[in-house]
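Asks: Input: one structure, supplied below.
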Amino acid sequence: MNKKMTQRKKNRLTDYDYSKPGAYFITICTDKRKCLFWRKNEHPLSKPEYTKQLSEYGKLVDKAINDIPDHYPFVSVDKYVVMPNHIHILLRINTDENGRPMVAPTISTVIQQTKGVVSKKIGYSVWQKLYYDHVVRNSVDYEEIWNYIDQNPLNWKKDKFYNP
9 MNKKMTQRKK NRLTDYDYSK PGAYFITICT DKRKCLFWRK NEHPLSKPEY
59 TKQLSEYGKL VDKAINDIPD HYPFVSVDKY VVMPNHIHIL LRINTDENGR
109 PMVAPTISTV IQQTKGVVSK KIGYSVWQKL YYDHVVRNSV DYEEIWNYID
159 QNPLNWKKDK FYNP
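In our numbering, the protein residues as written are 9 to 172.
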């Protein structure tokens, strides 16, 4: 019996070095897109207000994201948002003061470690296995992503990950 195996679409750029200096837009969803990171709330919120709505799990995620540069000195978190069932992170792998690439982990390593820290503290994994990434191409792309992250809490009910 010959069963056809479905080919999963690759979600990383082929032959791209994900430890290369630059900015990366990352989206990580919860398993089955369960809303775990906010307390129940009916209203869209601006970024300063949404942090008051984080659940205990959301606070763990928030801390894990803020701790990324402590674990990886050459990686900075330029912007992020913790949504009810996903997170968006604008990460940057930096160069040294002379513009040379630093020895840096891959984006995959940073994400796996961050997800692992949260899962360990919660006691089980709350994450989907994979994540979405986008290599930021230029300053216009960067600014659009920055604004998208800023507006994401306000647009929660219109979000493609919305799952009440």
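Even glycine gets a Cβ: it sits at the ideal position worked out from N, Cα and C. Quick caveat, the model's predicted, so the values are computed rather than measured.
1. Could you check which residue in GLU105, ILE34, ILE130 has the C-alpha nearest to that of LEU44?
2. Should TYR140 go down as buried or exposed, given a rule of 16 or more other Cβ atoms within 10 Å for buried?
3. As a quick exercise: from MET91, LYS40, PHE82, ASP78, pick the residue whose alpha carbon is nearest that of TYR65.
4. In or out: VAL83 buried (at least 16 other Cβ within 10 Å) or exposed?
5. Per DSSP, what kind of secondary structure is LYS28 in: helix, strand or coil?
6. If contacts are defined as beta-carbon pairs under 8 Å, then ILE115 and LEU99 qualify, I think. What distance do you get, rounded to the angstrom?
7. For PRO29, which residues in the same chain have their Cβ closer than 7 Å to its Cβ, ignoring the five residues on either side in sequence?
8. What residue range is occupied by the uninterrupted beta strand (DSSP E) comprising LYS87?
9. What separation, rounded to the nearest whole angstrom, lies between the Cα atoms of HIS94 and VAL85?
Replies: Walking through what the data contain:
1. Nearest C-alpha to LEU44: ILE130.
2. TYR140 comes out exposed.
3. Here the closest residue by C-alpha is MET91.
4. By the 10 Å Cβ count, VAL83 comes out buried.
5. LYS28 falls in the coil class under three-state DSSP.
6. LEU99 and ILE115 do touch by the CB rule: their CB atoms are close to 7 Å apart, below 8 Å.
7. Correct list, in chain order: ILE101, ASN102, THR103, PRO109.
8. Unbroken beta strand (DSSP E) run through LYS87: 83-90.
9. Answer to the nearest angstrom: the Cα atoms are 16 Å apart.
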